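Quick note on the UniProt record's numbering: the sequence shown kicks off at 1 and runs consecutively.
Beta carbons: idealized from backbone N, C-alpha and C, even for Gly.
None of these values were measured; they are calculated from a predicted model.
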Amino acid sequence: MKKIKCPQCGGPSIWDAKNESRPFCSERCKLIDLGAWASEEYQIPASPSVDDLDEYSEGDFIQNSLPKSTRH
């Protein structure tokens, strides 16, 4: 059996069909990871599509793309 590192806790995990939590070491780690995805702690980077840009007016787009100035 091949041992791998659990992606959640870093502990040892067995990479085998008998391990129903694979690649995680336990059901607990599997659920923690699922919760992180559900609460949007993890995100897959993507470029905005044309449809995303249509939601903003030109003024909103320009205003939101400018750097925020800070007062000193």
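query	result
From the DSSP output, in three-state form, read off Ile32 for me.	helix
Look at the alpha carbon of Met1 and the alpha carbon of Glu41, and state the distance between them as a whole number of angstroms.	32 Å
With a threshold of 8 Å, are at least 3 pairs of Cβ atoms found where one atom belongs to the region 23-32 and the other to the region 44-53?	no
Cα-Cα, which of Lys5, Asp51, Gln43 is closest to Ser22?	The sequence given here places Arg at residue 22; Ser does not occur at that position. The shortest C-alpha separation from Arg22 is found at Lys5.
Contact defined as beta carbons within less than 8 Å: I believe Ser13 pairs with Phe24. What is the distance between those atoms, to the nearest angstrom?	6 Å
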